[in-house]
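J.: In the order they appear, the protein sequences are chains A and B.
Counting in the numbering used here, the first sequence runs from 1 upward without gaps.
Counting in the numbering used here, the second sequence runs from 365 upward without gaps.
I'd like to ask you about the structure that follows.
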Amino acid sequence: MSELHIVTEDQITPERTRRGKLMIRGGLALLIATALAQWADQAGLVDLGRTSWRPTLYAFCLFATLLCWAQVVLHGEQGKRTLFVLPAALFVVALVVFPLIFGLGIAMSDWNLASPDGRKFNGLDNLWQALEDPFYLNALWNMVLYTAAILVEYVIAFGLALLLNAEIRARKFFRVAFLLPLMLSPVAVSWMIGKSMFEPRFGPMARLARTLGWDNPSFFGSPEIARAMMMIMDAWTYIPFMMIMLLAGLQAIPKELHEAAEVDGASPWRRFWEVTFPLMLPVSITAILIRIIFKLKLADIVINITSGGPGGATDTVTSFIFREYRDRSNVGYGTMLAFIYLVLIVIAMTALMKLTARWSRPQT
Amino acid sequence: MKHRIYEHFLRTGKINRRAMLKGAAATAGLAAGGALLPRGARADAHSNLRAEILQIPGVGSGSPTDADWQRVGEMCLGSTRETVEEGEFEGVELTFMGLNNQNTHNFLFRGFLKSWEDYTGARINWIDLAQADYNARLQQSIATGTVDFDIIEMGAPFEGDVLGRGMASEMPQWVADIIDMDDYVDYLKAPVGTWDGKTYRVSIDGDCHTFAYRKDYYDNPEFAEAWAASGGEGPWEPPTTWEQVNAHSKFLAGKTDPLTGLPAHGFLDPLKGWGGFGFYFLEDRATPYAKHPDDPAWLFDPETMKPRVNNPAFVQAIQDVMDLIAVEGAYPVDQINADPGTTAFQQYLAGTGMGLTWWGDVGAAARTSDTSVVGDVAAFSTNPAAQRVYNSQTGAWEDTRNESPNLAYIGWGVYVMAKTEEDPVKNKAAWSAAAHLGGKDLSLWASAYPSGFQPYRNSHFQYEEWEAAGYDRDYIEDFLGANLDSYNHPNGAIEPRIPGIFQYYSVAEDELAKGYAGQYASAQETADAIAAAWEGITDQIGRDSQIALYKASLGMM
Chain A
1 MSELHIVTED QITPERTRRG KLMIRGGLAL LIATALAQWA DQAGLVDLGR
51 TSWRPTLYAF CLFATLLCWA QVVLHGEQGK RTLFVLPAAL FVVALVVFPL
101 IFGLGIAMSD WNLASPDGRK FNGLDNLWQA LEDPFYLNAL WNMVLYTAAI
151 LVEYVIAFGL ALLLNAEIRA RKFFRVAFLL PLMLSPVAVS WMIGKSMFEP
201 RFGPMARLAR TLGWDNPSFF GSPEIARAMM MIMDAWTYIP FMMIMLLAGL
251 QAIPKELHEA AEVDGASPWR RFWEVTFPLM LPVSITAILI RIIFKLKLAD
301 IVINITSGGP GGATDTVTSF IFREYRDRSN VGYGTMLAFI YLVLIVIAMT
351 ALMKLTARWS RPQT
Chain B
365 MKHRIYEHFL RTGKINRRAM LKGAAATAGL AAGGALLPRG ARADAHSNLR
415 AEILQIPGVG SGSPTDADWQ RVGEMCLGST RETVEEGEFE GVELTFMGLN
465 NQNTHNFLFR GFLKSWEDYT GARINWIDLA QADYNARLQQ SIATGTVDFD
515 IIEMGAPFEG DVLGRGMASE MPQWVADIID MDDYVDYLKA PVGTWDGKTY
565 RVSIDGDCHT FAYRKDYYDN PEFAEAWAAS GGEGPWEPPT TWEQVNAHSK
615 FLAGKTDPLT GLPAHGFLDP LKGWGGFGFY FLEDRATPYA KHPDDPAWLF
665 DPETMKPRVN NPAFVQAIQD VMDLIAVEGA YPVDQINADP GTTAFQQYLA
715 GTGMGLTWWG DVGAAARTSD TSVVGDVAAF STNPAAQRVY NSQTGAWEDT
765 RNESPNLAYI GWGVYVMAKT EEDPVKNKAA WSAAAHLGGK DLSLWASAYP
815 SGFQPYRNSH FQYEEWEAAG YDRDYIEDFL GANLDSYNHP NGAIEPRIPG
865 IFQYYSVAED ELAKGYAGQY ASAQETADAI AAAWEGITDQ IGRDSQIALY
915 KASLGMM
């Protein structure tokens, strides 16, 4: 490491080194001892009368403080540099890593809140159960279908972005108007659109459908139509999000490129395919990836409108976990379902990012 | 009383102002003369109190306010004064967990208990929960050992979770003396509210499903003629059995609704889940087939916890629904996506369908909701019977007519937590507060005015009291009669008060949804899937403990 920015030459004495190491080891020992005591108390091995994990939290805070302090004691000026990052890293560890570890512990347990026996470790039983659970597998398959619909959303969003990027009348008005669905809560969309406008008897869409010759309109009655309706309502809400990202990308393209292509005699269609689309690829990939992440969390409109039906046709992983966890108090299994989903999402997103890396780089 | 009922009375003139004024004048006269009455006449003081509180704020004088709740609470403080010294609970602090639905429940309790707090010196902290959050909050409190409340307002279905774990305090005799449990309607008497022979619950509400149907369908001569022409069995009159319900539903497919001019439909089964509560509606159909008068159990076998949900009785109920799904027009077009909220408030009350089963809300809303169009054509009865009943003991059908109203959810009660027993003063304070809320007179007021609670004592059905208070007697009798008959039915179906009962219901909804959508080959296969899922839940919660708790809830131990 470069010594250029070190303004003082620290004289780290062996005594100081010993003290620094003692601080770290002492803090760590205290943390481990407190956590072990807490665990033993929880497991019923000893009775310390602990009612919460707060002592362990306090021990962690003390350890974190000592660890940071010890960096300066051990490394002087170099240790102060570490302090720019270490507290943040410890904070992340406290808020992400620890809960994940605890969550994993819960996922590997048989824990139904109604059971008088409480929580019991059951290893990977929940995982094997999930892999054979027809409701979960059905929900996963539905998510594949829902995610595939993003390609259609992308095409529509791109079209709208192109329109709003063009010199049209009332452009600002349309930009705000197209954004309105995004501002609506999905719960509001469920009730206003799904439950009211598409109400099969008196809803305006049902009346329109009857006028158009569909005698008994049913928007959520058959599996295929219900799933398509969910896709449409979710798309209606989130297309504006993709659109606004794509619009920002379009506005960032230098006008000179289009003008040069025009001077060279390229047709509008050719200008789009040869100039606009390639330049928009990084933004497009980003918009699609973020949209996929949003889509994988789809739950609220499904829970409100169909509860996953008919026959599981619209069920999502999140809405199924919601039922398993909330309605059935099946905490261990519900947590494992969430973990499996998390792992699948991480793998899928990583693979997607790798696959699209070539197009994600800014085009020059 | 539900808000809607009360508002309806205000709007539609169902409140009889003349009778109300008569009652008020009589009450005032009695109150004024009370001090002059000889000692023997003091026996009337109690009935005077009932008449007096029914004049607060006065039927027809708008919705009661916190001042009214406080006044009623103060007037009903008599039993507290008899059992507690003034200031006896000074320094005691209690925490009360309950609902805050529609500004009822806990909101009224605050007012009712204000004078109790002033008199006893105790103070109450409140935990208000939305209905949807209630189950999760209670289960988490139990599972994580974080019971941070001393008194809880709780539905009887949760008794397995709480009483079964010994988390509640046994009711002292002096409380039982105050609240007069003999006055409860039959189904709220033991074993409801009890566990292993001990009593824990102060009832404050009653719940059951009743059958609401359309009178105009059955007064319609064209329907009657067509029914006869079609060879329909028996006269064209309101169905009293599920077999008739199905026959009528099939017949009505393709007919025109006499009220709305839109397509007529039959019975409105909710085919979509409703957080576990939707299963009550299949139970409505199943209980007359499944609840044998000689057997208290009907959902599980009490010796093994083997589900009965796939026995021929339940399969018949599921098959009945599937039969109607197969008939085009028997149900409205989107019925597969209709939950009980839809069948009640978007279909039946909006003039769709011949009838449905529901809690008292539909009976009330039929005549009170702004969106209801069936106010003048709605009629009520107990749930339909069945022409045969399955005997689980013999494993055979018996060709005898069987009624079994579904006493769904059983109603709210107040329970004191066992943790208060560490401090006898606190425990007594908690029970005193619970007894005050479950008092006979105060509960009459809560039945008659918007509170979120329905009548649940036989004394609540003294229609002359309602009439004297200013209500229209015919309406009250019509509305409450179906409930009273269900409450006191000798073969009423009371759900198992075992831990996790809503888990069973919830998973059943998922499997039923698949069955109704045609993903299982038959009703039997659907029922078998439910039974398999129930076995899984029982094993997870603990079969032995479930058996013991189920037996205890049935009073078999």
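Virtual Cβ for every residue (Gly too), placed ideally from N, Cα, C.
#1: For alanine 94 of chain A, which option in A/Lys120, A/Ala59, A/Val144, A/Ala107 has the closest C-alpha, if you only look at C-alpha atoms?
#2: Does the CB of alanine 500 of chain B have a neighbour CB from chain A at under 7 angstroms?
#3: Taking C-beta pairs closer than 8 angstroms, name the residues in chain A that proline 863 of chain B reaches, listed in chain order.
#4: Go to methionine 349 of chain A, then tell me how far its alpha helix (DSSP H) extends in each direction, as first and last residue.
#5: Helix, strand or coil: which one does DSSP assign to alanine 266 of chain A?
#6: List the endpoints of the continuous alpha helix (DSSP H) containing tryptophan 128 of chain A.
#7: Which residues bound the alpha helix (DSSP H) around leucine 250 of chain A?
#8: Could you give the DSSP three-state label for alanine 405 of chain B: helix, strand or coil?
#9: For the ligand COA, any of its heavy atoms closer than 6 angstroms to the Cβ of alanine 33 of chain A?
#10: What does the Cβ neighbour count give for glutamate 15 of chain A, buried or exposed, with the cut at 16 atoms within 10 Å?
#11: Checking 7 angstroms against the spacing of the C-beta atoms, do tyrosine 880 of chain B and leucine 635 of chain B come in under that value?
#12: Return the chain-ordered list of same chain residues with a C-beta closer than 6 angstroms to the C-beta of phenylalanine 241 of chain A, the five sequence neighbours on each side being excluded.
#13: Are the C-beta of asparagine 216 of chain A and some C-beta of chain B separated by less than 7 angstroms?
#14: So is proline 521 of chain B buried or exposed if we call it buried at 16+ other beta carbons inside 10 Å?
#15: Please compile the residues from chain B whose C-beta is within a distance smaller than 8 angstroms of the C-beta of phenylalanine 98 of chain A.
#16: For proline 200 of chain A, which residues in chain B fall below 8 angstroms Cβ to Cβ?
#17: Helix, strand or coil for methionine 531 of chain B? Go by DSSP, reduced to three states.
#18: Chain A beta carbons: is any one of them nearer than 7 angstroms to that of alanine 881 of chain B?
#19: Taking only beta-carbon positions, decide if phenylalanine 121 of chain A is within less than 7 angstroms of chain B.
#20: What whole-angstrom Cβ distance do isoleucine 420 of chain B and alanine 798 of chain B have, given they're in contact under 8 angstroms?
#21: Measure how close the beta-carbons of phenylalanine 575 of chain B and asparagine 847 of chain B come, nearest whole angstrom, since I'm counting them as under 8 angstroms.
#22: Could you name each continuous alpha helix (DSSP H) segment of 4 residues or more that falls completely within the stretch 272-338 of chain A, going from the start of the chain to the end?
#23: Buried or exposed, going by whether 16 or more other CB atoms sit within 10 Å of the CB of glutamate 416 of chain B?
#24: Do methionine 531 of chain B and threonine 563 of chain B have their C-beta atoms closer together than 7 angstroms?
#25: Are the CB atoms of glycine 361 of chain B and glycine 422 of chain B nearer to each other than 7 angstroms?
#26: In this structure, how does DSSP classify lysine 783 of chain B when only helix, strand and coil are distinguished?
#27: Can you check which of these residues, A/Gly332, A/Leu281, A/Met192, A/Thr286, is closest to glutamine 129 of chain A by C-alpha distance?
#28: If I'm right that aspartate 648 of chain B touches asparagine 770 of chain B with Cβ under 8 angstroms, what's the distance once you round it to whole angstroms?
#29: Taking the CB atoms as reference points, tell me whether arginine 861 of chain B and glutamate 517 of chain B lie closer together than 7 angstroms.
#30: Evaluate alanine 628 of chain B with the Cβ neighbour count: other Cβ atoms within 10 Å of its Cβ, from every protein chain shown; 16 or more gives buried, anything less gives exposed.
#31: Just to confirm my understanding: we take cysteine 61 of chain A, look at its own chain, exclude 5 residues before and 5 after, and list those with CB closer than 7 angstroms. What are they?
#32: Taking just the CA atoms, how far does glycine 27 of chain A sit from leucine 57 of chain A?
#33: Going by Cα to Cα distance, which pick from B/Thr624, B/Glu831, B/Ala810 is closest to arginine 821 of chain B?
#34: So what does DSSP say about proline 55 of chain A, is it helix, strand or coil?
#35: Using a Cβ-Cβ distance under 7 angstroms, would lysine 915 of chain B count as near chain A?
#36: Tell me where the alpha helix (DSSP H) around threonine 902 of chain B begins and ends.
T.: In this structure, then:
#1: For the purposes of this step, residue 94 of chain A is identified with residue 94 of the first sequence, where counting begins at 1. That would be A/Ala59, whose Cα lies nearest to the Cα of alanine 94 of chain A.
#2: Start at 1 with the first residue of the second sequence, and residue 500 of chain B comes out as number 136. Yes, because at least one Cβ of chain A sits closer than 7 angstroms to the Cβ of alanine 500 of chain B.
#3: As a first step, residue 863 of chain B must be located in the second sequence, where it is residue number 499. Within 8 angstroms Cβ-Cβ: Ala114, Ser115, Pro116.
#4: Counted from its first residue, the first sequence places residue 349 of chain A at position 349. Methionine 349 of chain A -> alpha helix (DSSP H) spans 331-360.
#5: If you number the first sequence from 1, residue 266 of chain A lands on position 266. Three-state result, alanine 266 of chain A: coil.
#6: Taking the first residue of the first sequence as 1, we reach residue 128 of chain A at position 128. It spans 125-131 - the alpha helix (DSSP H) in which tryptophan 128 of chain A sits, taken as one unbroken run.
#7: Locating residue 250 of chain A in the first sequence gives position 250, where the first residue counts as 1. 223-252 is the span of the alpha helix (DSSP H), which, as asked, contains leucine 250 of chain A.
#8: As a position in the second sequence, residue 405 of chain B is number 41, starting the count at 1. A caution first: alanine 405 of chain B carries a pLDDT of 44, below 50, which makes its placement in the model unreliable, though a value can still be read off. Helix, per DSSP.
#9: The model on display carries no ligand, and the ligand COA is accordingly not part of it.
#10: By 1-based counting over the first sequence, the position of residue 15 of chain A is 15. Classification of glutamate 15 of chain A: exposed, given that the 10 Å Cβ count is below 16.
#11: As a position in the second sequence, residue 880 of chain B is number 516, starting the count at 1. As a position in the second sequence, residue 635 of chain B is number 271, starting the count at 1. Against a cut-off of 7 angstroms, the Cβ pair of leucine 635 of chain B and tyrosine 880 of chain B comes out as a contact.
#12: Within the first sequence, the letter at position 241 stands for residue 241 of chain A. Around phenylalanine 241 of chain A: Leu182.
#13: The count along the first sequence starts at 1 and reaches residue 216 of chain A at position 216. It does; some Cβ of chain B falls within 7 angstroms.
#14: Within the second sequence, numbered from 1, the residue matching residue 521 of chain B stands at position 157. Buried, since its Cβ has 16 or more Cβ neighbours within 10 Å.
#15: Sequence index remark: in the first sequence, residue 98 of chain A carries index 98 (1-based). Ordered by position in chain B, no residue passes the 8 angstroms Cβ test against phenylalanine 98 of chain A, which lies about 18 angstroms from the chain.
#16: Your numbering for residue 200 of chain A matches position 200 in the first sequence. Those are Pro696, Val697, Asp698, listed as they occur along chain B.
#17: Numbered from 1 along the second sequence, position 167 holds the residue referred to as residue 531 of chain B. In this structure, methionine 531 of chain B counts as coil in the three-state DSSP scheme.
#18: By one-based count along the second sequence, residue 881 of chain B stands at place 517. Interface residue, yes.
#19: Counted from its first residue, the first sequence places residue 121 of chain A at position 121. No - not a single Cβ of chain B is within 7 angstroms of the one on phenylalanine 121 of chain A.
#20: Mapped onto the second sequence, residue 420 of chain B falls at position 56. Mapped onto the second sequence, residue 798 of chain B falls at position 434. Rounded to the nearest angstrom, the Cβ distance from isoleucine 420 of chain B to alanine 798 of chain B is 22 angstroms, too far for a contact under 8 angstroms.
#21: Within the second sequence, the letter at position 211 stands for residue 575 of chain B. Within the second sequence, the letter at position 483 stands for residue 847 of chain B. That belief does not hold up - the Cβ atoms of phenylalanine 575 of chain B and asparagine 847 of chain B are roughly 11 angstroms apart, past 8 angstroms.
#22: 277-296, 300-305, 317-322
#23: On the second sequence, residue 416 of chain B is found 52 positions in, with the first residue counted as 1. By the neighbour-count rule (16 or more Cβ atoms within 10 Å), glutamate 416 of chain B is buried.
#24: By 1-based counting over the second sequence, the position of residue 531 of chain B is 167. By 1-based counting over the second sequence, the position of residue 563 of chain B is 199. In this structure, the beta-carbon distance from methionine 531 of chain B to threonine 563 of chain B does not fall below 7 angstroms.
#25: Outside the displayed span of chain B (365 to 921) sits residue 361 of chain B, for which this structure offers no information.
#26: The sequence position of residue 783 of chain B within the second sequence is 419, counting from 1. In the displayed model, lysine 783 of chain B falls within a helix according to three-state DSSP.
#27: By 1-based counting over the first sequence, the position of residue 129 of chain A is 129. Nearest C-alpha to glutamine 129 of chain A: A/Gly332.
#28: Here residue 648 of chain B corresponds to residue number 284 of the second sequence, with the count starting at 1. Here residue 770 of chain B corresponds to residue number 406 of the second sequence, with the count starting at 1. With 8 angstroms as the limit, aspartate 648 of chain B and asparagine 770 of chain B qualify as a contact, their Cβ atoms being about 5 angstroms apart.
#29: Numbered from its first residue, the second sequence carries residue 861 of chain B at position 497. Numbered from its first residue, the second sequence carries residue 517 of chain B at position 153. No, the pair does not count as a contact, with Cβ atoms beyond the cut-off.
#30: Numbered from 1 along the second sequence, position 264 holds the residue referred to as residue 628 of chain B. Label assigned to alanine 628 of chain B: buried.
#31: Residue 61 of chain A sits at position 61 when you count from the first residue of the first sequence. Here the set comprises nothing.
#32: Taking the first sequence and counting its residues from 1, one reaches residue 57 of chain A at position 57. Taking the first sequence and counting its residues from 1, one reaches residue 27 of chain A at position 27. The straight-line gap from Cα to Cα measures roughly 12 angstroms.
#33: Here residue 821 of chain B refers to the residue found at position 457 of the second sequence. Each of B/Thr624, B/Glu831, B/Ala810 was checked against the Cα of arginine 821 of chain B, and the nearest Cα belongs to B/Ala810.
#34: On the first sequence, residue 55 of chain A is found 55 positions in, with the first residue counted as 1. The answer is helix: DSSP assigns proline 55 of chain A an H, G or I state.
#35: Residue 915 of chain B sits at position 551 when you count from the first residue of the second sequence. So no, lysine 915 of chain B is outside the interface.
#36: Stepping through the second sequence from its first residue, residue 902 of chain B is reached at position 538. Here the alpha helix (DSSP H) through threonine 902 of chain B covers 887-905.
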